[in-house]
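In this note's numbering, the protein residues as written are 188 to 470. A short worksheet on the structure shown next.
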Amino acid sequence: MLLAAPAHADDETPWTFNSRAQGLLSATHIERQDNSQLNPGNAIAHIPSERYDLELRPDLEWKRPGLSLALKPRFGLTHAPGSSDDDLWLNEGWLRWKPAQQWYLQAGREIWLWGPSMFWSPSNPFYLGTGKNLPQRELPGRDIARVSWMPADNAALTLAGLFGNGHQREYEPQTRKLALLKLDLNNNEASGSLIASRREGELWRFGAYGQWTVSDALLLYGDGSYGQNANLTQVSPASNPLGWTIGNNSQRSATVLIGGGYTFESGINLNLEALHYGDGRDD
């Protein structure tokens with residue numbers, strides 16, 4: 188008589204470790220105008236004539252079936268005549284767990300982008316700019332927790348929450364907490380997503396993006412959103428002596444991007460995009 192015991196292959200599977208590192212060194216020289224009316228003799232802005240920047244970007248990842256951990260610390264050093272500055276921060280770091288066949292949970296700091304657009308992604312409430320046009324400037328990771336359900340190979344439903352901006356090296360308005368629901372659909376030639384998000388203190392914002400692989404060389408895509416941007420101000424008529432007043436934006440608007448990409452046999456990519464920015468002013 189034979190007794191079969193359940194196998195626990197995952198418990199015995201060792202961790203695998205992957206790493207890569209990148210270093211960026213840049214030098215900037217600025218020609219100053221001593222007769223500038225806004226900054227005479229550089230006495231106001233104190234702009235350095237030269238600046239040197241060094242940034243080290245190691246990426247570390249540990250994996251085993253159903254579980255992965257990633258850490259992406261960064262070190263930056265800036266030197267200018269008479270001053271130096273250094274900074275150490277965690278740009279990305281997250282833990283991903285697959286508790287069941289169709290479920291994924293992830294929490295931590297990450298750069299979460301989607302869609303093929305090169306410049307702007309209006310449907311993405313975490314990042315309007317994709318950063319692809321300036322790859323030497325890394326986007327800051329956001330503090331996000333999300334859970335995903337994949338009922339089929341070509342569909343996924345994700346519920347996510349944004350809890351913080353992450354580490355800011357440059358000034359950026361503090362991001363309010365945000366909730367997001369995202370549906371992803373794809374097949375061999377086309378893919379797309381529907382997104383609904385709501386930032387604390389704002390109305391619901393709706394977005395979508397889609398892409399179509401026409402051929403091995405040609406890709407067409409679109410990306411858009413409709414909602415309220417409360418970070419903007421609007422001018423409204425008023426009965427005060429000025430005749431107008433300034434307040435937070437309360438209007439909904441649509442922002443749409445359409446574009447295409449062509450890949451030549453040499454491997455060079457050419458992208459063409461057009462953007463309608465609904466949050467701009469037309470008066």
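A virtual CB, placed ideally from N, CA and C, is assigned to each residue, including glycine.
With 16 as the cutoff for other CB atoms within 10 Å, does residue i come out buried or exposed?
i: Q415; result: buried
i: L365; result: buried
i: S380; result: buried
i: E389; result: buried
i: A232; result: exposed
i: P355; result: Reading off the sequence shown, one finds Gln at residue 355, where the question assumed Pro. Classification for Q355: exposed.
i: R392; result: buried
i: T215; result: exposed
i: Q224; result: exposed
i: G454; result: exposed
Going by CA-CA distance only, name the one from the options that's closest to residue i.
i: L349; options: P312, N375, W276; result: P312
i: N278; options: T265, S271, W299; result: W299
i: H266; options: W249, L258, S213; result: S213
i: P322; options: P201, E199, Q209, A461; result: Q209
i: V401; options: P260, Y413, S378; result: S378
i: N458; options: L258, K250, L405; result: L405
i: Y314; options: S384, G397, A342, T200; result: S384
i: I217; options: A461, I234, S426; result: I234
i: Y413; options: L407, R439, N427; result: R439
i: Q288; options: K250, M337, D274; result: M337
i: L264; options: L211, D221, P227, A339; result: L211
Can you give me the Cβ contacts of residue i inside the same chain, cut-off strictly under 8 Å, excluding the 5 residues immediately before and after it?
i: N456; result: G448, Y449, T450
i: R324; result: G318
i: D221; result: P227, G228, N229
i: D403; result: T450
I'd like to know whether the C-beta atoms of residue i and residue j end up nearer to each other than 8 Å.
i: S310; j: A395; result: yes
i: S236; j: P268; result: yes
i: G465; j: A441; result: yes
i: G446; j: S308; result: no
i: R296; j: W281; result: yes
i: S206; j: L256; result: no
i: R219; j: N229; result: yes
i: G302; j: G328; result: no
i: P252; j: T203; result: no
i: F306; j: E460; result: yes
Considering only residues of the same chain and omitting the five flanking positions on each side of residue i, which have a CB-CB separation below 6 Å?
i: G351; result: D330
i: V443; result: G411, H463
i: E387; result: R363, K364
i: W284; result: L254, L292
i: N373; result: N341
i: K250; result: T203
i: L258; result: L247, G280
i: W399; result: A377, L407
i: D274; result: G263
Once the 5 residues before and after residue i are set aside, which same chain residues still bring their CB inside 7 Å of it?
i: L346; result: R333, V334, L368
i: L370; result: L344, S380, L381
i: N375; result: none
State yes or no: is the C-beta of residue i nearer than 7 Å to some heavy atom of the ligand SAH?
i: S384; result: The ligand SAH is not part of this structure, which contains no ligands at all.
TODO: Kindly confirm or deny that the stretch 287-295 and the stretch 233-247 touch, where touching means at least three C-beta pairs closer than 8 Å.
DONE: Flag = no, the stretch 287-295 and the stretch 233-247 do not touch.
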